[in-house]
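Participant:
Numbering (UniProt numbering), first residue to last: 1 to 273.
#1: From the DSSP output, in three-state form, read off residue 46 for me.
#2: Residue 93 and residue 67: beta carbons closer than 8 angstroms?
#3: Going by the beta-carbon positions, is the gap between residue 192 and residue 150 smaller than 8 angstroms?
#4: So, for residue 167: in the same chain, excluding its five sequence neighbours on each side, which residues have a beta-carbon less than 8 angstroms away from its beta-carbon?
#5: Between the C-alpha atoms of residue 257 and residue 173, what's the straight-line distance to the nearest angstrom?
#6: Do the region 39-50 and the region 59-73 touch if we need at least three Cβ pairs shorter than 8 angstroms?
#7: Report all residues from its chain with a CB closer than 8 angstroms to the CB of residue 34; omit the five preceding and five following residues, and keep chain order.
#8: Measure the alpha-carbon distance for residue 140 versus residue 186 and round it to whole angstroms.
#9: Relative to the C-alpha of residue 156, which residue among 63, 26, 248, 268 is closest?
#10: Around the Cβ of residue 30, are there at least 16 other Cβ atoms within 10 angstroms (buried) or fewer (exposed)?
#11: Should residue 60 be labelled buried (16 or more other beta-carbon atoms within 10 Å of its own) or exposed?
#12: Starting from the Cα of residue 132, find the closest Cα among 245, 82, 108 and give me that residue.
#13: With distances taken Cα to Cα, identify the nearest neighbour of residue 147 among 89, 19, 218, 14.
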């Protein structure tokens with residue numbers, strides 16, 4: 001798990017620490033920027049060393065004096081996840097942001113088993129193990145915050161994106177359970193559930209041609225701002241954007257079979273392929 005420490009700014013005594021996975025671009029980067037502005041020492045984790053270092057340079061430029069360290073880890077790899085968890089436990093961050101994750105698109109019967117195994121390892125296993133690595137220290141000192149990034153897909157079945165939607169349903173369920181377990185302890189757990197957002201996600205998931213991504217698409221900065229406010233307020237769940245809030249409210253009132261059919265319509269490309 002190679003690392004890079006800030007060559008200019010050094011941590012201050014008592015400076016709070018935030019560990020952010022999937023921090024090199026998109027929502028993860030924007031959350032890191034907000035944390036840097038609030039004086040947190042940042043430890044960024046991502047699998048792409050070039051993007052990770054570029055993110056660190058950008059953060060130091062945008063927030064002069066920001067303390068930024070980087071740790072390269074592919075959270076789809078069990079050994080690298082184990083190393084990341086050992087590091088996180090020793091670091092004992094004040095804030096953990098579990099943002100690393102990716103999606104996939106296509107009929108389940110023809111989708112890549114290897115890709116789905118990596119997706120489960122990243123979206124579920126690594127997130128769970130990192131949460132378990134840092135939570136005991138948070139509970140012992142009576143303070144800490146955790147943000148797990150889910151999706152509006154957390155609330156509905158996802159035809160043609162079945163495994164991804166299932167992983168995000170897990171993230172929401174785990175986060176809500178941990179939020180209740182830690183209630184009154186000084187530790188809070190928040191699930192951030194954005195809808196379609198301008199990030200690298202759509203390109204990697206090959207989902208950009210669907211109806212879901214042809215409507216209103218949020219920008220990563222606004223999603224991060226809503227998520228950050230909810231994190232700091234200790235809210236259990238935040239769905240970003242008014243339209244998404246209304247859609248999720250409606251989905252909770254409808255039969256699951258009907259929700260699945262609506263999801264299929266939204267996730268089928270215009271060609272019907």
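All C-beta atoms, glycine included, are put in the ideal place defined by N, C-alpha and C.
Facilitator: Checking against the coordinates, here is how it stands:
#1: Here residue 46 refers to the residue found at position 46 of the chain shown. The answer is strand: DSSP assigns residue 46 an E or B state.
#2: As a first step, residue 93 must be located in the chain shown, where it is residue number 93. As a first step, residue 67 must be located in the chain shown, where it is residue number 67. Taking 8 angstroms as the Cβ cut-off, residue 93 and residue 67 do not qualify as a contacting pair.
#3: Indexing the chain shown from 1 puts residue 192 at position 192. Indexing the chain shown from 1 puts residue 150 at position 150. Contact: yes.
#4: The residue you call residue 167 lines up with position 167 of the chain shown. So the qualifying residues of the chain are 101, 119, 120, 123, 124.
#5: In the chain shown, residue 257 corresponds to position 257, counting from 1. In the chain shown, residue 173 corresponds to position 173, counting from 1. Going by the C-alpha atoms only, they are around 20 angstroms apart.
#6: yes
#7: As a first step, residue 34 is located in the chain shown; it is residue number 34 there, counting from the start. The answer, listed in chain order, is 224, 225, 228.
#8: Here residue 140 refers to the residue found at position 140 of the chain shown. Here residue 186 refers to the residue found at position 186 of the chain shown. Cα to Cα, residue 140 sits roughly 10 angstroms from residue 186.
#9: As a first step, residue 156 is located in the chain shown; it is residue number 156 there, counting from the start. Of 63, 26, 248, 268, the residue nearest in Cα terms is 248.
#10: Taking the chain shown and counting its residues from 1, the one referred to as residue 30 is at position 30. When all chains shown are included, residue 30 counts as buried.
#11: Against the chain shown, residue 60 aligns to sequence position 60. Residue 60 comes out buried.
#12: If you number the chain shown from 1, residue 132 lands on position 132. Among 245, 82, 108, the Cα nearest to that of residue 132 is on 82.
#13: On the chain shown, position 147 is the one that residue 147 refers to. For residue 147, the nearest C-alpha among the options comes from 19.
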